[in-house]
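Visitor: Under my numbering, the first residue of the sequence shown is numbered 1, with each subsequent residue one higher.
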Amino acid sequence: MRRTQRPGGHRASVRTTSAAVAAALVFVGTVAAAPAAQAAPTSADQGPERAAAHAAAVPSFRLADIPMKDGVVLKANVFTPAPGTPGADVYGRYPVIVQPASWGQNDYEYILQGKRLASGGYVVVTYTVRGFWFSGGEVDVAGPKDVADISSVIDWVLARTPADPQRIGMTGLSLGGGLTLMGAAADPRIKAVAAMSGWGDLADSLYSGETRHLQAAAALTAVQVPTGRQSAEFHRMLTDLFADRNAPEVVNWARTRSPGAYVDRINANGTAVFIASAWGDSIFNPSQITAFYQKLTGPKRIELRPGDHATQEVTGLLGLDNATWASALRWFDEHLKSSGGTPRPPVELEVRPTGAQETYPSWQAVSSRTERLQLGRANAFGTGALGGGTPGSGGTVGTGWWTSVAGGTNSGADGGITEVSGLLDQLVKLPPVVVVPLIPRWAGAVWESAPYAATQNIRGAVKLHTTGTASAPEGTVIGYLYDVNPLGVGKLISHAPQSWTGRTPGQAFPLDIQLFATAYDLPAGHRLALVLDTEDPLYGGRSPIGSKVSFGSPENDPSELVLPLR
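1. How big is the Cα-Cα spacing for residue 40 and residue 461?
2. In the DSSP assignment, what are the bridge partners of residue 568?
3. Taking all protein chains shown into account, decide if residue 364 is buried (16 or more other Cβ within 10 angstroms of its Cβ) or exposed.
4. Kindly indicate which residue of 377, 198, 299, 379 has the alpha-carbon position closest to the one of residue 345.
5. In whole angstroms, give me the CA-to-CA distance for residue 524 and residue 306.
6. Do residue 284 and residue 197 count as a contact pair if the criterion is CB distance below 8 Å?
7. Jot down the residue ranges of each uninterrupted beta strand (DSSP E) in the region 447-477, minimum 3 residues, whole runs only, in chain order.
8. According to DSSP, is residue 138 helix, strand or coil?
9. Taking the CB atoms as reference points, tell me whether residue 399 and residue 558 lie closer together than 8 Å.
10. Taking just the CA atoms, how far does residue 207 sit from residue 521?
11. What's the gap between the Cα of residue 455 and the Cα of residue 367?
12. Are the Cβ atoms of residue 121 and residue 81 separated by less than 8 Å?
13. Evaluate residue 492 with the Cβ neighbour count: other Cβ atoms within 10 Å of its Cβ, from every protein chain shown; 16 or more gives buried, anything less gives exposed.
14. Could you please give the first and the last residue of the uninterrupted beta strand (DSSP E) stretch that includes residue 93?
15. Can you grab the Cα-Cα spacing for the pair residue 101 / residue 328, in whole Å?
16. Who are the near neighbours of residue 85 in its chain, counting only those whose CB is closer than 6 Å to its CB and skipping five residues on each side?
17. Using DSSP's beta-bridge definition, name the partner residues of residue 61.
18. Can you look up residue 286 in the DSSP assignment and give me helix, strand or coil?
19. Please report the straight-line C-alpha distance between residue 153 and residue 117, rounded to a whole angstrom.
20. Enumerate, from N- to C-terminal direction, the unbroken alpha helix (DSSP H) stretches of 4 or more residues contained entirely within the region 238-267.
21. I'd like to confirm the pairing. Which residues does DSSP put opposite residue 550 in its beta bridges?
22. Just to confirm my understanding: we take residue 560, look at its own chain, exclude 5 residues before and 5 after, and list those with CB closer than 7 Å. What are they?
23. Is it true that the region 155-172 meets the region 239-247, where meeting means three or more beta-carbon pairs spaced less than 8 Å apart?
24. Between which two residues does the beta strand (DSSP E) holding residue 539 run?
25. Taking the alpha carbon of residue 151 as the point to measure from, which residue in 170, 187, 484 has its own alpha carbon closest?
26. Any chance the region 67-79 sits against the region 87-96, with 3 or more Cβ pairs inside 8 Å?
27. Would you say residue 511 and residue 498 are within 8 Å of each other, going by their C-beta atoms?
28. Quick check on DSSP: helix, strand or coil for residue 109?
29. Between residue 540 and residue 500, which are expected to be in contact by the criterion C-beta below 8 Å, what is the C-beta distance as a whole number of angstroms?
30. State the beta-bridge partners of residue 372 as determined by DSSP.
31. I need the straight-line Cα distance from residue 452 to residue 243, nearest angstrom please.
32. Measuring only the C-alpha atoms, how far is residue 129 from residue 170?
33. Please work out which residues of its chain come closer than 8 Å, Cβ to Cβ, to residue 433, disregarding the five sequence neighbours upstream and downstream, and give them in chain order.
34. Near residue 301, which residues of its chain fall below 6 Å by C-beta distance, leaving aside the five closest residues on each side in sequence?
35. On the three-state DSSP scale, how would you describe residue 199?
36. Can we say the region 530-549 touches the region 199-214, given the rule of at least three CB pairs closer than 8 Å?
Below is the structure:
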């Protein structure tokens, strides 16, 4: 590992936040639209001689209509390198990059990056995914029609541009990132891909911990409605997700659209895969993409930084210097041009909240040890000890205890707001915050460690094991891990939900929650706090209002929190 220091009520709440969430997503996706009109190469107002020199140096740009096999026409734009641009083979052919637009966006989204890639010796074709804007058809959400479109676009660009069929790459953001990975599985002609803020497991993204991610689904719907046309199948799946019915069918629909279901094909194709994501991605959580990454056996690299869905890449859409886009270009140079410089370690992490950069030879090397913290009995103030130490309020560690919280009630601890909270963490190091001593213990169970004498380097997915009972046959628990300063203010390190159905009321059952992966340095002098409650605005909880959920630690099965540490 190498490390360097860089300077510097649920339904009502979903409705309340949906407008803000939609606005944030639209901003992230459309921020490049303003300069799009001026992005096409032009030599106006430069004088005849200077204009001629400029025209000879810049790539050409044109709009295109690309027909699909089912008659649907996709809107696209194409950049072609200027004659003499380095990168061509002996036949004058250049490597090609295919870029499907992201969710709710059109083919102008990547226009500034397209021009940059073409100036570097790539043919670039960007297209509006079927069902959105002026492309024909209906939204297929990376289904069979979308995947078939990828190959049709490649066929078209090979027939109509100086593109080298042996050097084909693909990149995209959000939906474009998911389609990029699906394309790597479906078309062996694709040699290298760069998936940004995409998904490896769509089912886990929408339904991790058997819990519906309703705020994320609402945000995506809010972006899609004014920009695209739902297919009957997509409409049915979305309606079922919101209505909490036909869950197995919804999950199966999502899994058929998951690159992880076809990872064997990607490995067989030998595709070089670059992945970039954010620790706080509230649409496609980091755990599902790291799980997918670990299944890849070919050339691969992953980068994870603080942020939310697509927020790390957005400045690149404006044509500004951007670390993620720069890494993607270097990946293509390395695998399509054999000119990417010295290969870098496969894993690169930006640590929260310090900004330190770390590299590792594999994901398995990210954590080297674990610490097991036993959950203790609550004291008179309702706080249990976490680990062998004693929290400031006097709790003790042991087994044989039970503690209960009200079902369907938000304790004040939550995972934040889709697209907003991760962005705040990225920009001002402000994740969701809670004052731990003020959490009502009837709504949230709390365990707190003693202050740590040295920095704790948390790397990976924290795991909780406890024993639960509930007064209703179904329910939800959300686990939150906080970095608590000496004043009792907790900053969210990670969280995750877990739901269940069909349980016998009052009968104990094992309850395991794996929090979303992260890289976080807990400062010396700070405590860890674990909070468990039953309601979060991000999710569709199952605990009925008026029910009770209890947590216990039997002597033969102690409750514990397992920390992965560097």
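Heads up, the beta-carbon is just placed ideally off N, CA and C, and yes, glycines get one too.
Guide: Quick answer:
1. Residue confidence for residue 40 is low, a pLDDT of 40 falling below 50, so the modelled location carries little weight; the figure read from the coordinates is stated next. It is roughly 44 Å from the alpha-carbon of residue 40 to the alpha-carbon of residue 461.
2. What is shown of the chain runs 1 to 566, which leaves residue 568 out entirely.
3. exposed
4. 299
5. Distance between residue 524 and residue 306, taken at the CA atoms: about 21 Å.
6. yes
7. 456-460, 463-470
8. coil
9. yes
10. 29 Å
11. In a straight line, the C-alpha of residue 455 is about 15 Å away from that of residue 367.
12. yes
13. buried
14. Unbroken run through residue 93: none, as it is neither H nor E.
15. Approximately 16 Å between the Cα atoms of the pair.
16. 121
17. DSSP, once it has assigned bridges, lists 79 as partnering residue 61.
18. helix
19. When rounded, the distance between both Cα atoms is 18 Å.
20. 247-255
21. 404, 469
22. 372, 373, 374, 375, 465
23. Contact fails between the region 155-172 and the region 239-247, because fewer than three Cβ pairs, one in each stretch, are under 8 Å apart.
24. From DSSP, residue 539 is part of no beta strand (DSSP E); its letter is neither H nor E.
25. 187
26. The region 67-79, when compared against the region 87-96, does not touch it at the 8 Å Cβ threshold.
27. Yes.
28. coil
29. Residue 540 to residue 500, Cβ: 14 Å. No contact.
30. Residue pairing by DSSP places residue 372 opposite 562 in a beta bridge.
31. 45 Å
32. 14 Å
33. Hits under 8 Å: 489, 490, 491, 492.
34. 274, 346
35. coil
36. yes
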